[in-house]
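Peer 1: Read in the UniProt record's numbering, the sequence shown has 39 at position 39, and its numbers run on one by one without any break.
Provided herewith is a single structure, encoded as structure tokens, for subsequent inquiry.
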Amino acid sequence: MTERLRRDVKALVGVRVLNQLGAYVLPFLAVLAGHDLAAWALGVFGAAALVSRWLGGLLLDHLAPRSVIVLGLTATGATMLLLAGARDPGWVLAAVALVGLAFEIYEPATQESLARLTDRHAQTDVYGFLGTSLVASGAVGGLLAALLLPLGARWLIVADGLTCLLAAGVALALLTPDQPTRSPPRPPTTNPLPSASRIPGPETLAVETPSSNASGLAASDASKAPFPNPGSPASGREAPARGHADPETTTTRVRFFGRRGVTGWRPPGALVRLTAAGTAFACGYLAVLMFVPFVLLQRGAPAWLPGLTLTGAALVAPLTGRLGRHALRGLGHERVLVIGTVALGVLTLAMAVGRSVPLMAAGYLAWAAVDSVLQGRWPALIAETAPEADRPRWFAFHGSSWGIAQPAVPGLVALTGGAMVTAGAACLLVPLLLALPRRRHGRRPGTGRISGGRSPPARGGRAPSRRRGGSSRRTRTGSPRRSWAGRRRGRAASPP
């Protein structure tokens, strides 16, 4: 597959793999902070990392993805070196907060770059390739950590910071400069839209729907206008009926005397639904990943078995992931996620019920094989669903699910009394969240039907016309007949 990838995609994956080789700050942050400060350090880091995702998404409004990636990696490397040199507890917490604020800046930019550089049909393979590459790189990084840990946890943080700075240099040298996601608006020289589609007055509120082409290619030059008509070819879809705007992908923009500004952005219902499902998935994933070594040792496994099991899973993941993606190529992302999370939940509950060490190790290898098939499905689903202009914010908002799950998992495990039970319940919750109603009103993608109920029939049992204003249409006899709304306005305007 790597032969078919573009040069920029290979360079971006290489940058992430290089950075992942030194990803030691999260597993060994508690060791560095010490017993008395560990809980505070993990809490501060989790909150700051959650803000970092949003910061990375906002920076993409003004900077190119390559600039955000270089900035995030450089800031992470510099703050990690500060953390390695901090001795006083106050300075340690301050350095941990700075590391957390820089830790996830590059993540939305990475997802956005891959979405720009790949076609829609290839996004699943590319995101999956990135995920399996990071898993394999993490296995190699674990071996490096085993060599550096006898020297002290601070040397692991130093190595992590140096790999971040090295990855930033590689990104600056190999990645191609790109444009920011939201370019400044250009005043159109001509109005490509009919004057009847605008409401006269000093203030005009318009609803802008994205193009149905997920690859981001404009359907026509009309898409460059500040307010494309939802029924025009630029919008890529049929105009919704009045009062039935699509709440899933609608972006509201307000125009004041020719100047355009974006109102306060709110996540659509589709994004909230996917983020809730992603949070449940992240809780299940982290509960397994964080507690598998502990559970193996608790059940009497030798000291070398947890590391060997993790390494074996990292080696199996690329092969099983590629075979699984090829076998499930015809299924949609949500359907694959539903099937995969059910399988993960069943395997995790089997690991919770079985008490033997061989069953636990074999169950984790099977769990890792199923998880490798799901690698890249979440970002590919976001890239497919999100409007192009809001895609970085979708990535940032959905990525916050991992920031929420990270501090929540230890508390959930303590509440349920078992890590594998927690992971199994969280994985089985994902299909239920994905099955929630997607919308109450609006047009269903690819159809002309309005969801959310039917309009009451008019007199004579005929449904009311969807045509608005004073437009007329001909009856079967050929005589013009005005719509109900047009007749009502005509009566109101006629003299008594």
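Glycine included, C-beta positions come from ideal geometry on N, C-alpha and C.
Helix, strand or coil for ARG355, going by three-state DSSP, please let me know.
Peer 2: Counted from its first residue, the sequence shown places residue 355 at position 355. If DSSP states are grouped into helix, strand and coil, ARG355 belongs with coil.
Peer 1: Under three-state DSSP, which class holds ALA303?
Peer 2: The residue labelled residue 303 in the question sits at position 303 within the sequence shown. Looking at ALA303 - three-state DSSP - the assignment turns out to be coil, as it is neither helix nor strand.
Peer 1: Applying the criterion that 16 or more other CB atoms from any shown protein chain within 10 Å of the CB defines a buried residue, is HIS333 buried or exposed?
Peer 2: Numbered from its first residue, the sequence shown carries residue 333 at position 333. Classification for HIS333: buried.
Peer 1: Determine, for VAL272, whether the minimum Cβ-Cβ distance to residues of chain C falls below 8 Å.
Peer 2: This model lacks chain C altogether; it includes just one protein chain.
Peer 1: Nearest by alpha-carbon distance to VAL126: which of ARG322, ALA389 and ARG355 is it?
Peer 2: What you label residue 126 is simply residue 126 of the sequence shown in a count that begins at 1. Checking every option, the nearest Cα to that of VAL126 belongs to ARG322.
Peer 1: Express the C-alpha separation of PRO65 and THR110 in angstroms, rounding to a whole number.
Peer 2: Taking the sequence shown and counting its residues from 1, the one referred to as residue 110 is at position 110. Taking the sequence shown and counting its residues from 1, the one referred to as residue 65 is at position 65. Near 7 Å, if we compare the C-alpha coordinates of PRO65 and THR110.
Peer 1: Give the straight-line distance between the Cα atoms of VAL316 and THR163, rounded to the nearest whole angstrom.
Peer 2: In the sequence shown, counting from the first residue as 1, residue 316 sits at position 316. In the sequence shown, counting from the first residue as 1, residue 163 sits at position 163. For VAL316 and THR163, the distance between alpha carbons rounds to 25 Å.
Peer 1: What three-state label does DSSP hand ARG108 in the structure shown?
Peer 2: Sequence index remark: in the sequence shown, residue 108 carries index 108 (1-based). The residue you asked about is not Arg; residue 108 is Pro in the sequence shown. In the structure shown, PRO108 sits in a helix (DSSP, three-state: H, G or I).
Peer 1: In whole angstroms, what is the alpha-carbon distance linking ASP61 and PHE103?
Peer 2: Here the question's residue 61 lines up with position 61 in the sequence shown. Here the question's residue 103 lines up with position 103 in the sequence shown. In a straight line, the C-alpha of ASP61 is about 19 Å away from that of PHE103.
Peer 1: Taking just the CA atoms, how far does LEU286 sit from GLY278?
Peer 2: Sequence index remark: in the sequence shown, residue 278 carries index 278 (1-based). Sequence index remark: in the sequence shown, residue 286 carries index 286 (1-based). GLY278 and LEU286: Cα-Cα distance of roughly 12 Å.
Peer 1: Give me the residue from LEU143, GLY100, LEU114 and PRO437 with the minimum Cα distance to GLY161.
Peer 2: Stepping through the sequence shown from its first residue, residue 161 is reached at position 161. Of the candidates LEU143, GLY100, LEU114 and PRO437, the one whose C-alpha sits nearest the C-alpha of GLY161 is GLY100.
Peer 1: Suppose you measure from the CA of LEU29 to the CA of ILE404; what does that come to, to the nearest Å?
Peer 2: The residue labelled residue 29 in the question sits at position 29 within the sequence shown. The residue labelled residue 404 in the question sits at position 404 within the sequence shown. In a straight line, the C-alpha of LEU29 is about 18 Å away from that of ILE404.
Peer 1: Excluding the 5 residues preceding and the 5 following ALA168 in the sequence, name in chain order all residues of the same chain whose CB lies nearer than 6 Å to its CB.
Peer 2: Taking the sequence shown and counting its residues from 1, the one referred to as residue 168 is at position 168. The answer, listed in chain order, is VAL70, LEU73 and THR74.
Peer 1: Rounded to the nearest angstrom, what separates LEU44 and PRO302 at their Cα positions?
Peer 2: On the sequence shown, residue 44 is found 44 positions in, with the first residue counted as 1. On the sequence shown, residue 302 is found 302 positions in, with the first residue counted as 1. Reading off the sequence shown, one finds Val at residue 44, where the question assumed Leu. Taking the straight line joining both Cα atoms gives about 34 Å.
Peer 1: May I ask you to report which of helix, strand or coil DSSP gives SER220?
Peer 2: By 1-based counting over the sequence shown, the position of residue 220 is 220. For SER220, the predicted model reports a pLDDT of 36, less than 50, meaning its position is unreliable and no value from the coordinates is stated.
Peer 1: With distance defined between alpha-carbon atoms, name the residue in ALA280, ILE105 and LEU156 nearest to LEU432.
Peer 2: In the sequence shown, the residue the question calls residue 432 occupies position 432. Out of ALA280, ILE105 and LEU156, ALA280 has the C-alpha closest to the C-alpha of LEU432.
Peer 1: Could you spell out where the alpha helix (DSSP H) holding THR118 opens and where it closes?
Peer 2: For the purposes of this step, residue 118 is identified with residue 118 of the sequence shown, where counting begins at 1. Neither: THR118 is in no alpha helix (DSSP H) and is coded neither H nor E.
Peer 1: Locate the alpha helix (DSSP H) running through residue 499, then write down its first and last residues.
Peer 2: Coverage of the chain is limited to positions 1 through 496, which leaves residue 499 absent and any answer about it impossible.
Peer 1: Going by beta carbon distance, what residues of the same chain come within less than 6 Å of TYR24, once the five residues before and after it are set aside?
Peer 2: Counting from 1 along the sequence shown, the entry for residue 24 is found at position 24. These residues qualify, in order along the chain: ALA145, LEU156 and ASP160.
Peer 1: Near GLY131, which residues of its chain fall below 7 Å by C-beta distance, leaving aside the five closest residues on each side in sequence?
Peer 2: Taking the first residue of the sequence shown as position 1, residue 131 is located at position 131. Excluding sequence neighbours, GLY131 sits near GLN375 and GLY376.
Peer 1: Looking at the secondary structure, which residues open and close the alpha helix (DSSP H) in which GLY72 lies?
Peer 2: To locate residue 72, count along the sequence shown from 1; it is residue 72. 65-85 is the extent of the alpha helix (DSSP H) around GLY72.
Peer 1: If you drop the 5 nearest sequence neighbours on each side, which residues of the same chain put their C-beta closer than 7 Å to that of THR251?
Peer 2: Taking the sequence shown and counting its residues from 1, the one referred to as residue 251 is at position 251. Residue confidence is low: THR251 scores 43 on pLDDT, short of 50, so the model does not pin down where it sits. No coordinate-derived value is stated.
Peer 1: VAL288: buried (16+ other C-beta within 10 angstroms of its C-beta) or exposed?
Peer 2: For this step, residue 288 is matched to residue 288 along the sequence shown. Classification for VAL288: buried.
Peer 1: In the DSSP assignment, find the alpha helix (DSSP H) that holds LEU55 and state where it starts and stops.
Peer 2: Locating residue 55 in the sequence shown gives position 55, counting from the first residue. Its alpha helix (DSSP H) spans residues 38-59.
Peer 1: Going by C-alpha distance, which of PRO410, THR309, LEU436 and ASP8 is nearest ALA369?
Peer 2: Taking the first residue of the sequence shown as 1, we reach residue 369 at position 369. Comparing Cα-Cα distances from ALA369 to each of PRO410, THR309, LEU436 and ASP8, the minimum goes to THR309.
Peer 1: What's the C-alpha gap between LEU55 and TYR106?
Peer 2: To locate residue 55, count along the sequence shown from 1; it is residue 55. To locate residue 106, count along the sequence shown from 1; it is residue 106. Whole-angstrom Cα-Cα distance: 10 Å.
Peer 1: Count the other CB atoms, across all protein chains shown, that sit within 10 Å of the CB of GLY330; report buried if there are 16 or more and exposed otherwise.
Peer 2: Looking up residue 330 in the sequence shown gives position 330. By the neighbour-count rule (16 or more Cβ atoms within 10 Å), GLY330 is not buried but exposed.
Peer 1: By DSSP, does HIS62 sit in helix, in strand, or in coil?
Peer 2: If you number the sequence shown from 1, residue 62 lands on position 62. Coil at HIS62, not helix or strand.
Peer 1: Within a Cβ cutoff of 6 Å, which residues of the same chain sit near LEU347, ignoring the five residues on either side of it in sequence?
Peer 2: To locate residue 347, count along the sequence shown from 1; it is residue 347. Only GLY363, ALA366 and TRP367 meet the Cβ criterion.
Peer 1: Need the endpoints of the alpha helix (DSSP H) that TRP155 sits in, please.
Peer 2: Here residue 155 is taken as the residue at index 155 of the sequence shown, counted from 1. From DSSP, the alpha helix (DSSP H) with TRP155 extends over 153-174.
Peer 1: Going by beta carbon distance, what residues of the same chain come within less than 6 Å of TRP423, once the five residues before and after it are set aside?
Peer 2: As a working mapping, residue 423 is identified with position 423 in the sequence shown. Checking the displayed sequence, the identity of residue 423 turns out to be Ala instead of Trp. Within the same chain, ALA423 has close Cβ partners GLY284, ALA287, VAL288 and THR348.
Peer 1: By how many angstroms is the C-alpha of ALA419 removed from the C-alpha of ALA94?
Peer 2: Indexing the sequence shown from 1 puts residue 94 at position 94. Indexing the sequence shown from 1 puts residue 419 at position 419. The straight-line gap from Cα to Cα measures roughly 31 Å.
Peer 1: Looking only at C-alpha atoms, which of TRP40, LEU50, ALA33 and ALA41 sits nearest to LEU87?
Peer 2: By one-based count along the sequence shown, residue 87 stands at place 87. A small correction: the amino acid at residue 87 is Arg; Leu does not occupy that position in the sequence shown. Measuring from the Cα of ARG87, the nearest candidate turns out to be ALA33.
Peer 1: Hey, how far is the Cα of GLY340 from the Cα of THR79?
Peer 2: Against the sequence shown, residue 340 aligns to sequence position 340. Against the sequence shown, residue 79 aligns to sequence position 79. Each residue's Cα considered, the two are about 38 Å apart.
Peer 1: Give me, in chain order, the residues of the same chain whose beta-carbon lies closer than 6 Å to that of LEU428; leave out the 5 immediate sequence neighbours on both sides.
Peer 2: Here residue 428 refers to the residue found at position 428 when the sequence shown is read from its first residue. Here the set comprises GLY345.
Peer 1: State the start and end residues of the unbroken alpha helix (DSSP H) segment that holds ALA425.
Peer 2: Taking the sequence shown and counting its residues from 1, the one referred to as residue 425 is at position 425. Segment 419-434, the alpha helix (DSSP H) holding ALA425.
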